[in-house]
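Number of protein chains: 2
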Amino acid sequence: MPNLSDMTTINPTALLKENGLKHTRQRVRVLEEIALDTVAISQPELEKKLGKEIDRVTLYRILNIYQDKGILHRIMDMNGTANYAICSAACSEDHHHDDHVHFNCTSCLKIYCLEVKAPHLKMPHGFKAVTTNTTAYGICEKCNQQEPEDSAALQ
Amino acid sequence: MPNLSDMTTINPTALLKENGLKHTRQRVRVLEEIALDTVAISQPELEKKLGKEIDRVTLYRILNIYQDKGILHRIMDMNGTANYAICSAACSEDHHHDDHVHFNCTSCLKIYCLEVKAPHLKMPHGFKAVTTNTTAYGICEKCNQQEPEDSAALQ
DNA sequence: TACTAAATGCAATACATTTGCAAAAACTCG
DNA sequence: CGAGTTTTTGCAAATGTATTGCATTTAGTA
Chain A
1 MPNLSDMTTI NPTALLKENG LKHTRQRVRV LEEIALDTVA ISQPELEKKL GKEIDRVTLY
61 RILNIYQDKG ILHRIMDMNG TANYAICSAA CSEDHHHDDH VHFNCTSCLK IYCLEVKAPH
121 LKMPHGFKAV TTNTTAYGIC EKCNQQEPED SAALQ
Chain B
1001 MPNLSDMTTI NPTALLKENG LKHTRQRVRV LEEIALDTVA ISQPELEKKL GKEIDRVTLY
1061 RILNIYQDKG ILHRIMDMNG TANYAICSAA CSEDHHHDDH VHFNCTSCLK IYCLEVKAPH
1121 LKMPHGFKAV TTNTTAYGIC EKCNQQEPED SAALQ
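Chain order of the listed sequences is A and B.
Just so you know, the first sequence maps onto residues 1 to 155 in the working numbering.
Just so you know, the second sequence maps onto residues 1001 to 1155 in the working numbering.
Here is the structure:
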């Protein structure tokens, strides 16, 4: 059960209008579900939650359009599965400001968007970086609390 | 054709022995092919090159075992496909020192292992990072040279 | 309210990866 | 060196994630 303090307050209807997207039941539901938690949610998890209301293909299409518009950002986990989280207000179709650090818990597999800003990297001559993706792997706060005496058991 | 200076000199037979792995034709071929270039190679590319000599499933198994042993490291590209590169000598089964920056070219899709060391990140309270993965996306040296006057065409 | 364009659902397909199992190859010990 | 044991390989089938084509439905609008 998500902590209320984690809840990102968004207005799906307004967000859709701002981005020139039609208002549909499915699109609103996806936004509602993703906004429940700041922790990124994977496509399979979303499908598990919404699969009875929304067709799998529709879900993929909505997620893609949201990413294109800069509403969601996509983080690949270590298995190559897409995870999604609400973008900060600064994101737009033209440019994703997805420059914060992600934390991928190797125990519960959740992906957190940390407040830590990704450091600027100096590229070698000839390489022009446009965006940077920084993900730390380890044990998250919750998993550290749950098994303080036996955290080695899982790894 | 790979530049000779890119060629990582490894001894497949010795490497297998060091890691307690049986010496098979397939395992040697995979090491040879990956050592040809410092640029990471994707599973599909490897399969294209080796598919007539090695079964697809065997290739997957070899790549997994090499990653487990710390011989190769795996980098996920933006499509969630696995890419592999030779680990530095410091890597072992117990711990991957995969702390350099990767550069994923959005034009040719190649993944480079840069000499740039990934910066240390300060984690929030309760989060314990074990490894960090930093990938920069942009246009690589070669692609910048190839189309200096019209680099916007592909993106 | 009827029209038009866009979004949805369904079926089929593509692609990466894994699993089960029998056949083949690699170490090893007498 | 050759039989025996174990590991690895190849093939077939299955799983999981994501995309495409097309007919139907729905949203926004005139």
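Note that CB positions come from ideal geometry on N, CA and C, so glycine has one too.
Backbone CA spacing between Val101(A) and Ala136(A) [nearest angstrom]:
Mapped onto the first sequence, residue 101(A) falls at position 101. Mapped onto the first sequence, residue 136(A) falls at position 136. Distance between the alpha carbons of Val101(A) and Ala136(A): 7 Å.
Under 7 Å, Cβ to Cβ, is there at least one residue of chain B near Leu121(A)?
As a position in the first sequence, residue 121(A) is number 121, starting the count at 1. With 7 Å as the cut-off, Leu121(A) counts as an interface residue toward chain B.
Between Tyr66(A) and chain B, is any beta-carbon pair separated by less than 7 Å?
Counting from one through the first sequence, the residue named residue 66(A) turns up at place 66. So, not an interface residue.
So for Asp116(A), helix, strand or coil by DSSP?
By one-based count along the first sequence, residue 116(A) stands at place 116. A small correction: the amino acid at residue 116(A) is Val; Asp does not occupy that position in the sequence shown. The answer is strand: DSSP assigns Val116(A) an E or B state.
Partners in chain A for Ile1054(B), counting only beta-carbon separations shorter than 8 Å
Start at 1 with the first residue of the second sequence, and residue 1054(B) comes out as number 54. Chain A residues near Ile1054(B): none, gap ~22 Å exceeds 8 Å.
Status (buried if at least 16 other CB within 10 Å, exposed otherwise) for Lys1110(B)
On the second sequence, position 110 is the one that residue 1110(B) refers to. So Lys1110(B) ends up on the buried side.
Using a Cβ-Cβ cut-off of less than 9 Å, give me the residues of the region 69-85 of chain A that come near chain B, in sequence order.
Arg74, Met76, Asp77, Met78, Asn79, Gly80, Thr81, Ala82
Can you find the residues in the same chain that come closer than 7 Å, C-beta to C-beta, to Ile10(A), ignoring five residues on each side of it along the sequence?
Translated into the one-based positions of the first sequence, residue 10(A) becomes position 10. Once the five neighbours on either side are set aside, the close Cβ partners of Ile10(A) are Leu31, Ala35, Ile86.
At the level of alpha carbons, what is the spacing between Thr106(A) and Cys1140(B)?
Against the first sequence, residue 106(A) aligns to sequence position 106. Against the second sequence, residue 1140(B) aligns to sequence position 140. If I take the Cα positions, the gap works out to 31 Å.
Alpha helix (DSSP H) containing Lys69(A): first to last residue?
To locate residue 69(A), count along the first sequence from 1; it is residue 69. Counting along the chain, the alpha helix (DSSP H) containing Lys69(A) begins and ends at 56-69.
With 8 Å as the C-beta to C-beta threshold (strictly closer), list the residues of the region 1014-1030 of chain B near chain A in chain order.
none
Just to confirm before moving on: does the CB-CB distance between Ala40(A) and Asn83(A) stay below 7 Å?
Within the first sequence, residue 40(A) is the residue found at index 40, counting from 1. Within the first sequence, residue 83(A) is the residue found at index 83, counting from 1. Contact: yes.
With a cut-off of 7 Å, does the C-beta of Thr134(A) fall near any C-beta of chain B?
In the first sequence, residue 134(A) corresponds to position 134, counting from 1. Answer yes: the Cβ-Cβ gap between Thr134(A) and chain B drops below 7 Å somewhere.
How far does the beta strand (DSSP E) with Asn1019(B) in it reach, from first residue to last?
Residue mapping note: residue 1019(B) aligns to position 19 of the second sequence, counting from 1. For Asn1019(B), no beta strand (DSSP E) run applies, since DSSP gives it neither H nor E.
Under the DSSP definition of a beta bridge, which residues are partnered with Cys1105(B)?
Against the second sequence, residue 1105(B) aligns to sequence position 105. DSSP output for Cys1105(B) lists Gly1138(B) as bridge partner(s).
Kindly list the residues whose CB is nearer than 6 Å to the CB of Tyr66(A), restricted to its own chain and excluding five residues on each side of it in sequence; keep chain order.
Counting from one through the first sequence, the residue named residue 66(A) turns up at place 66. Closer than 6 Å at the Cβ level, and outside the excluded window around Tyr66(A), lie Leu72.
Apart from the five residues just before and just after Asn19(A), which ones in its own chain have a Cβ nearer than 6 Å to its Cβ?
Residue numbering aside, residue 19(A) sits at position 19 when the first sequence is read from its first letter. Closer than 6 Å at the Cβ level, and outside the excluded window around Asn19(A), lie Lys69.
Given that a residue counts as buried once 16 or more other Cβ atoms are within 10 Å of its Cβ, and exposed if not, what is Asn64(A)?
Start at 1 with the first residue of the first sequence, and residue 64(A) comes out as number 64. Its Cβ having fewer than 16 others within 10 Å, Asn64(A) is exposed.
Taking just the CA atoms, how far does Asn133(A) sit from Cys1113(B)?
Within the second sequence, numbered from 1, the residue matching residue 1113(B) stands at position 113. Within the first sequence, numbered from 1, the residue matching residue 133(A) stands at position 133. The straight-line gap from Cα to Cα measures roughly 14 Å.
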